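J.: I'd like to ask some things about the structure below.
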Amino acid sequence: MMDVCLGSKNPVKFAAVQAVLTDWNIPGGVRLSARAVTSGVADQPVGMDLTVRGARNRAMAAKEGGDWGIGLESGVIPVPQTRSGYMNVTVCALYDGSEMYIGLGPAFELPPELANGVVRQGMELDDAVSAAGLTDNPRIGYAEGLIGILSNGQVTRADYSRPAVSMALVCWQAARCRAQSPVHLKMSDES
12 MMDVCLGSKN
22 PVKFAAVQAV
32 LTDWNIPGGV
42 RLSARAVTSG
52 VADQPVGMDL
62 TVRGARNRAM
72 AAKEGGDWGI
82 GLESGVIPVP
92 QTRSGYMNVT
102 VCALYDGSEM
112 YIGLGPAFEL
122 PPELANGVVR
132 QGMELDDAVS
142 AAGLTDNPRI
152 GYAEGLIGIL
162 SNGQVTRADY
172 SRPAVSMALV
182 CWQAARCRAQ
192 SPVHLKMSDE
202 S
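Using my numbering, you'd call the opening residue of the sequence shown number 12 and step up by one each time.
Written out as structure tokens, the structure reads:
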């Protein structure tokens with residue numbers, strides 16, 4: 012049985028990772044644990060680089076607690092031609108001790124007032140959501156998340172986080188396939 016450690020005590024992140032690992036039916040099975048670690052970036056990362064870095068840092072710190080370390084980090088990234096100019100995205104990093112596998116989840120646009128609070132006023136997204144009067148829960152990221160509010164409960168934060176975990180596992184699986192295959196793909200300049 013493989014021990015997998017999530018670099019967060021957030022129960023929503025734990026539920027998302029647990030669901031994906033169960034669905035993937037990894038040979039030998041997995042046992043998931045969680046530990047509080049720091050991301051090494053701002054509490055609310057802005058930009059893809061900081062968001063990926065936060066996920067990687069969490070995964071590396073979590074690895075000390077298992078065969079794999081998994082880090083999930085949500086961040087706000089600039090996206091041109093959107094009303095607010097910013098979207099929220101989740102990054103998953105899976106670290107096996109030698110290789111890092113990165114997966115991205117879907118993204119959704121932040122309402123302009125929330126983008127302003129996060130980007131221009133330096134607020135954490137939970138605080139911006141509370142300040143905008145969208146919730147009374149000061150830790151909305153530990154519940155349905157902003158996506159749950161904006162979708163009127165149709166998509167929860169756990170639902171939203173799962174694809175990032177799956178995409179990191181796709182990278183891991185692809186590496187396993189390449190390592191086990193006697194035929195390696197060769198890129199060609201020919202069309």
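The beta carbon of each residue, even a glycine, is placed where N, CA and C say it ideally should be. Just so it is clear, the structure is predicted and the values come from calculations on it, not from any experiment.
Just checking my contact of Tyr-97 with Ala-126 at CB under 8 Å: how many whole Å lie between their CB atoms?
T.: In the sequence shown, the residue the question calls residue 97 occupies position 86. In the sequence shown, the residue the question calls residue 126 occupies position 115. That belief holds up - the Cβ atoms of Tyr-97 and Ala-126 are roughly 4 Å apart, short of 8 Å.
J.: Are the beta-carbon atoms of Ala-47 and Lys-24 separated by less than 8 Å?
T.: As a position in the sequence shown, residue 47 is number 36, starting the count at 1. As a position in the sequence shown, residue 24 is number 13, starting the count at 1. No, the pair does not count as a contact, with Cβ atoms beyond the cut-off.
J.: From Leu-145 to Pro-122, what does the alpha carbon distance come to, in whole angstroms?
T.: Sequence index remark: in the sequence shown, residue 145 carries index 134 (1-based). Sequence index remark: in the sequence shown, residue 122 carries index 111 (1-based). When the Cα atoms are used, Leu-145 and Pro-122 turn out to be separated by approximately 11 Å.
J.: With a floor of 4 residues, list each alpha helix (DSSP H) that falls wholly inside the region 12-74, ordered by position along the chain.
T.: Qualifying alpha helix (DSSP H) stretches, in chain order: 22-35, 59-74.
J.: Start and end of the alpha helix (DSSP H) containing Val-3?
T.: A query on residue 3 cannot be resolved here, the shown segment of the chain reaching from 12 to 202 and no further.
J.: Can you give me the Cβ contacts of Pro-56 inside the same chain, cut-off strictly under 6 Å, excluding the 5 residues immediately before and after it?
T.: The residue you call residue 56 lines up with position 45 of the sequence shown. Excluding residues within five positions, the ones whose Cβ falls inside 6 Å are Thr-62, Gly-65, Gly-86.
J.: Could you tell me which residues DSSP pairs with Gly-114 in its beta bridges?
T.: As a position in the sequence shown, residue 114 is number 103, starting the count at 1. The partner list for Gly-114 (beta bridge, DSSP) reads Cys-103.
J.: If you draw a straight line from the alpha carbon of Val-140 to that of Ser-172, how long is it in whole angstroms?
T.: Start at 1 with the first residue of the sequence shown, and residue 140 comes out as number 129. Start at 1 with the first residue of the sequence shown, and residue 172 comes out as number 161. Whole-angstrom Cα-Cα distance: 19 Å.
J.: On a CA-only basis, which of Arg-131, Glu-110, Glu-120, Asp-60 is nearest Gln-92? Give me that one, please.
T.: Here residue 92 corresponds to residue number 81 of the sequence shown, with the count starting at 1. The candidate whose alpha carbon is nearest that of Gln-92 is Glu-120.
J.: Buried or exposed: where does Gly-18 fall if 16 or more other Cβ atoms within 10 Å of its Cβ makes it buried?
T.: Looking up residue 18 in the sequence shown gives position 7. Buried, by the Cβ-count rule.
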